[in-house]
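S.K.:
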Amino acid sequence: MRRALELAARGRGRTSPNPLVGCVIVSPDGEVVGEGWHPFAGGPHAEAAALAAAGESARGATVYVNLEPCDHHGRTPPCTGALLSAGVAAVVVGHLDPDPRVSGRGVARLEAAGVDVSVGLLAAAAEELNEPYLTSQRLGRPHVLYKTAMSLDGKIATRTGSSRWLTGEAARARVHEWRDEVDAVALGVTTVLRDDPALTTRLPGGRTPLKVVFDSHLRTPPTAKLFEPDLQGVPARVVVYTKEGAPVDHVERLERRGAHVVVVPPEYERPSVPAALSDLHGRSVRSLLLEGGGTLAWAFLASRSVDRVAWFVAPKLIGGPAPSPLAGTGVEELAAAYHVERSQVEKIGDDLLIRGRVVYPEVT
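Residue numbers (the numbering used here): 93 to 456.
Laid out in structure tokens, this is it:
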């Protein structure tokens, strides 16, 4: 199963809106006879690829797959039928697929045909691998990772707004890896005006995600770098979320630049985060990297829409009335603070990276 998870991860950033799936087929004498993974949306499923590699050796074999095999016709035939046709004896599944077209049906069909099925092996690791897919299925919105960088004294820029470069080259390279893996990257208009980021993926063969801007008054300039093509010359894809009453001429300027301007209901006098995420989900966005700034990040947190954080800490001291990674109103009591669990600390160059899952207090 660990090998199946490794194989599944090879499709990272390329399978959305489908999940990451890997498959290993083991003969009765313990020999691995077939391996496969889902390489991209619309491509062969992991089980089909592994069965093709195994050939006749799949008969009587045990199949290890991190996600329940599908039992419906999508862009490809159902994997359960392929497994039954191949004559496998047993299937070991990491966890069930929450997709209502699949959930439990794949296992039920295999068991009804006499296949020995077990579910739950390395389930936690399998679910963590597919968090974006699971979030989209369960909550109907993209999985959100908030990435930020701050100095040791908690500043994201100097009092004059200077922020380049707070972290080192290795940390910035890690961010480009994340951009290559997610469906969309989001930021607020203040960050656009202050830093004019291109939001591209500067990796050889990398894929630049959809660029999302939250802009209440459509201050995003048509000359912003985020409208420029990426290193491969691929045109930028940009969605700007704004409120009703945005100047018509501003809408037209941005649309001429290629942006999709979307009006969503206001929330705390800014474009509603849940409404924007719902719209992005409808655009097949399953994972979103939130890159700033502090006011927008607080709006995401306040709407319980941040799933994980990735917090870079640079060995610098800035001081003064400089901005911090989180703005907004904040919590009134320490007991109401959002908790980050399963935290991991990693040294990247001279910087520290703290990652973890956000836990929200129970709603009473």
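We put the beta carbon where it would ideally sit given N, CA and C, even for glycine.
Please give me, in chain order, every unbroken run of the alpha helix (DSSP H) with length at least 4 that falls completely inside the stretch 135–206.
M.R.: Correct list: 138–146, 171–178 and 197–204.
S.K.: Kindly indicate which three-state DSSP category Ser376 falls into: helix, strand or coil?
M.R.: Correct three-state label for Ser376: coil.
S.K.: Looking at the unbroken beta strand (DSSP E) that takes in His235, where does it start and where does it end?
M.R.: Counting along the chain, the beta strand (DSSP E) containing His235 begins and ends at His235 to Ser243.
S.K.: I need the DSSP call for Tyr225, collapsed to helix, strand or coil.
M.R.: DSSP places Tyr225 in helix when its eight states are reduced to three.
S.K.: What residue range does the alpha helix (DSSP H) around Phe392 cover?
M.R.: Here the alpha helix (DSSP H) through Phe392 covers Gly386 to Ala394.
S.K.: Which same chain residues, not among the five before or five after Ala133, have their C-beta less than 6 Å away from its C-beta?
M.R.: Cβ within range, chain order: Thr107 and Asn110.
S.K.: Taking the beta carbon of Arg233 as the centre, do at least 16 other beta carbons fall within 10 Å, making it buried, or is it exposed?
M.R.: Buried, by the Cβ-count rule.
S.K.: What ranges does the alpha helix (DSSP H) occupy inside the stretch 295–361, keeping only unbroken runs of at least 4 residues that lie completely in it?
M.R.: List check, alpha helix (DSSP H) in window: 340–348.
S.K.: How is the beta strand (DSSP E) around Ala431 delimited, first residue to last?
M.R.: Here the sequence assigns His to residue 431, which means Ala is not the residue at that position. His431 to Ile440 is the span of the beta strand (DSSP E), which, as asked, contains His431.
S.K.: Beta carbon of Ala278, beta carbon of Leu382: below 8 Å?
M.R.: In contact: Ala278 and Leu382 (Cβ atoms closer than 8 Å).
S.K.: Give every residue of the same chain whose Cβ lies closer than 6 Å to the Cβ of Ala215, excluding the five residues on either side of it in the sequence, and list them in chain order.
M.R.: Correct list, in chain order: Gly186 and His187.
S.K.: Output the distance between the C-alpha atoms of Pro321 and Leu99, rounded to the nearest integer angstrom.
M.R.: Near 31 Å, if we compare the C-alpha coordinates of Leu99 and Pro321.
S.K.: Exposed or buried, Arg197, counting other C-beta atoms within 10 Å across all chains shown (16 or more means buried)?
M.R.: Per the 10 Å Cβ criterion, buried.
S.K.: Tell me the residue span of the beta strand (DSSP E) that contains Val211.
M.R.: Counting along the chain, the beta strand (DSSP E) containing Val211 begins and ends at Asp208 to Val211.
S.K.: Counting pairs of Cβ atoms below 8 Å between the stretch 392–406 and the stretch 231–245, do you hit three or more?
M.R.: Yes: at least three Cβ pairs fall under 8 Å.
S.K.: Could you say if the stretch 425–433 and the stretch 308–322 meet the contact criterion of at least three C-beta pairs nearer than 8 Å?
M.R.: As far as the Cβ criterion goes, the stretch 425–433 does not touch the stretch 308–322, which means the pair count is below three.
S.K.: Within 10 angstroms of its Cβ, does Trp129 collect 16 or more other Cβ (buried), or is it exposed?
M.R.: The residue in question, Trp129, is buried, as its Cβ has 16 or more Cβ neighbours within 10 Å.
S.K.: What residue range is occupied by the uninterrupted alpha helix (DSSP H) comprising Ala265?
M.R.: Unbroken alpha helix (DSSP H) run through Ala265: Glu261 to Glu273.
S.K.: Does the distance from the C-beta atom of Tyr360 to that of Ala391 stay below 8 Å?
M.R.: Yes, the Cβ-Cβ distance between Tyr360 and Ala391 is below 8 Å.
S.K.: What residue range does the alpha helix (DSSP H) around Asp287 cover?
M.R.: It spans Val281 to Asp287 - the alpha helix (DSSP H) in which Asp287 sits, taken as one unbroken run.
S.K.: Decide if the stretch 357–373 is in contact with the stretch 255–266; the criterion is three or more beta carbon pairs, one per stretch, under 8 Å apart.
M.R.: No, the stretch 357–373 is not in contact with the stretch 255–266.
S.K.: What does a CB cutoff of less than 7 Å around Ile440 pick up in its chain, not counting 5 residues either side in sequence?
M.R.: Excluding residues within five positions, the ones whose Cβ falls inside 7 Å are Ala262, Ala263 and Arg266.
S.K.: Is DSSP giving Arg256 helix, strand or coil here?
M.R.: Coil, per DSSP.
S.K.: Below 7 Å CB to CB, which residues in the same chain sit around Ser243 once its five sequence neighbours on both sides are set aside?
M.R.: Cβ neighbours of Ser243 beyond the five flanking positions: Leu258, Ala406, Lys408, Leu409 and Ile410.
S.K.: What residues match up with Leu445 in a beta bridge as DSSP calls it?
M.R.: Bridge partners of Leu445: Phe404 and Glu438.
S.K.: Return the residue from the list Glu219, Gly280, Gly386 and Pro190 that minimises the CA-CA distance to Arg311.
M.R.: The shortest Cα separation from Arg311 among Glu219, Gly280, Gly386 and Pro190 belongs to Gly280.
S.K.: Could you tell me which residues DSSP puts in a beta bridge with Ala249?
M.R.: DSSP output for Ala249 lists no bridge partner at all.
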